[in-house]
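Contents: one structure, followed by commentary.
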Amino acid sequence: MGQFWLSYWYSLIAIVKDRNVLLLVIIGPIVYSIYYPLPYSPEVVRDIPVAIVDFDHSSLSRQLVRLADASPDINVIDVVNSTAELQQKFWHGDIEGGLIIPRDFRKNVMRGNTSKVIILGNGAYFMFNKGELLGFSGAVQTLSGNIESKHELISTVSVLQATELSEPVSLELYTTSNPTGGYSTYVVPAVAVVVLQQTLLLGICMLLGTWRESGAPFVMTFFRNRLALVFAAATICFINTLYYIGVVYWHEDYPHLGQLRDLLPIIIIFSLTASAWAVAIGACIRYRVQAVIHLIPTSIPIIFLAGFAWPIESIPAPLVVLSMLIPSTTSIQALLNVDQMGASLSQVFPEVFGLILLLVAMLMIILLRKNWPSKTHSL
């Protein structure tokens, strides 16, 4: 047991003494926690510049323009007379979207016919596109409700009855897990898990590559030494995760509904699994530089396979199975469900059990791999 703890402290000291590894596993997550949330701190995009093409030039079309301009999501900077002008403003970067009001807009509405307007969004920017659709659609729905109320008033019903008839079903939205509907609350906690995992993976693989290049027999001979490295890496990952959940999420005012007694077991299992995963992969890395070349490009696919950037239902089944071999996939679901949505540990048991199975599998790989590469061993 004494040899295990000696190896444990040796691993921690080696991580701290290697500048590049230290930068990845300790400094990197701290820098990320400061700078990554900054651009998204407003949470939602407001006053998106847009323009409107008004082919009708009627009192009703002008009312629609005023309603659109009153929306907090968009800012109507100009009303133009042709789609060519709208396109010019878009290509010059003056606007991010627009609305086209057709000819005879008011005439069709007054006759009781359907009149369609065209909303143009900027598909290159999801947040702009969402804000434009919300702003314009809200203005159109408000105008439609006003017109319906006027029609009902003409039918000699009271104002209250007219309002109820124009809106027979009242909709009230309550967002519990993301009250502001903000992008930062949605993306930062999920991506943070991937960052913690990937920085640890790169750092441990670089450390193992350094030991192999120098021909160091340490960690290659006995399973207890490899296990000590896993625990050393898990200690750092555990502290980093606690820092994110306890400090960063609190500072950014992200929702926090989970109980510490439910979070701690998940954090411990995630830290151990991510560390064992890193050491197992490090067994296949012969040179230090290979960690950078081969592993950095994996971060983006891992994010998309995690199920928050892209719906997991839309991911092909073979890729879903493959994603289960990555600790961050189930860890993101477990941590977000408990921390932001208030789930209990028992409610995320399938995710936790999946992490435990992956941990056991990685430890078996670390145990059974006999010939760890060194100067005299090739893959």
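Sequential numbering of the sequence shown, starting at 426, is according to my numbering. Here a beta-carbon is modelled for each residue, glycine too, at the ideal position from N, C-alpha and C. Everything numeric in this text was worked out from a predicted model, so none of it was measured.
Report all residues from its chain with a CB closer than 6 Å to the CB of residue i; omit the five preceding and five following residues, and keep chain order.
i: G560; result: S496, D498, I499
i: K514; result: A476, I520
i: F429; result: R649, A653
i: V717; result: none
i: N665; result: P454, L621
i: Y669; result: A617
i: A659; result: S696, L697, S700
i: V613; result: P462
i: Y599; result: none
So which of the options has the shortest CA-CA distance to residue i?
i: A615; options: I757, S639, F663, L784; result: I757
i: D711; options: V613, L632, L788, Y679; result: The sequence shown places Arg at residue 711, not Asp. If we check each option's Cα against that of R711, L632 comes out closest.
i: L511; options: L545, A493, V534; result: L545
i: I526; options: L750, F551, S484; result: S484
i: D678; options: Q765, G537, L750; result: Q765
i: L720; options: L625, R528, G606, T605; result: L625
i: L689; options: L747, L447, L760; result: L760
i: V470; options: L750, V613, F729, E557; result: E557
i: T605; options: F553, V534, P467; result: P467
i: K541; options: Q715, L568, G683, R637; result: L568
i: G522; options: N538, P462, P775, N547; result: N547
i: S507; options: G518, H517, L524; result: L524
i: N445; options: S739, G628, Q684; result: G628
i: N570; options: Y460, P474, Q488, H517; result: Looking at the sequence provided, one finds Gly at residue 570 rather than Asn. Of Y460, P474, Q488, H517, the residue nearest in Cα terms is Q488.
i: S562; options: A549, I543, Y550, K532; result: I543
i: P680; options: Y611, D472, D503, G427; result: Y611
i: N554; options: R531, K532, D472; result: D472
Less than 7 Å between C-beta atoms, sequence neighbours within five positions excluded: which residues of the same chain meet that for residue i?
i: S769; result: D687
i: D443; result: L632, T635
i: A439; result: L632
i: R794; result: A708
i: I728; result: V616, V619, A734
i: E776; result: T755, Q758, A759
i: S436; result: A653, L654, A657
i: L744; result: L730
i: H517; result: none
i: A564; result: L489, L492, A493, S496
i: M552; result: V470, Y608
i: I737; result: V745
Under 8 Å Cβ to Cβ from residue i, same chain only, skipping five residues before and after it: list those, please.
i: P752; result: Q622, F695, T698, A699, W702, L780, L783
i: H676; result: none
i: M749; result: T755, G779, L783
i: T723; result: Q623
i: S803; result: Note that S803 has pLDDT 38, beneath the 50 cutoff, so the model's placement of it is unreliable and no number is given.
Measure the beta-carbon distance from residue i to residue j and round it to whole angstroms, keeping in mind my assumption that it falls under 8 Å.
i: P454; j: V620; result: 6 Å
i: I706; j: V450; result: 15 Å between Cβ atoms; not a contact.
i: D529; j: D479; result: Contact doesn't hold; Cβ gap of about 12 Å is too wide.
i: V501; j: A493; result: 6 Å
i: I691; j: F663; result: That belief does not hold up - the Cβ atoms of I691 and F663 are roughly 11 Å apart, past 8 Å.
i: Y433; j: A657; result: 5 Å
i: G607; j: L682; result: With 8 Å as the limit, G607 and L682 do not qualify as a contact, their Cβ atoms being about 16 Å apart.
i: S609; j: P462; result: 6 Å
i: N762; j: V773; result: 5 Å
i: V673; j: S486; result: V673 to S486, Cβ: 48 Å. No contact.
i: V441; j: L447; result: 6 Å
So what does residue i bridge to, in DSSP terms?
i: L398; result: This structure does not reach residue 398, given that the chain is present from 426 up to 804, and the question cannot be answered.
i: V505; result: V478
i: I499; result: I473
Cβ of residue i versus every heavy atom of the ligand ZN: is any distance shorter than 7 Å?
i: S739; result: Only the bare structure without any ligand can be found here, which leaves the ligand ZN out of the picture.
For chain B, is any of its Cβ atoms less than 8 Å away from the one on residue i?
i: T601; result: In the structure shown, chain B cannot be found, because there is only a single protein chain.
Report the residue ranges of all alpha helix (DSSP H) runs contained in full by the stretch 676 to 760; include only those spanning at least 4 residues, in chain order. Taking only runs of at least 4 residues, the alpha helix (DSSP H) segments lying wholly in the stretch 676 to 760 are 685 to 707, 713 to 720, 724 to 730, 742 to 748.
Give, in chain order, every unbroken run of the alpha helix (DSSP H) that is at least 4 residues long and sits entirely within the stretch 618 to 668. Taking only runs of at least 4 residues, the alpha helix (DSSP H) segments lying wholly in the stretch 618 to 668 are 648 to 668.
Please go through the stretch 445 to 494 and give each complete alpha helix (DSSP H) segment of 4 or more residues, from N-terminal end onward. Whole alpha helix (DSSP H) segments, 4+ residues: 453 to 460.
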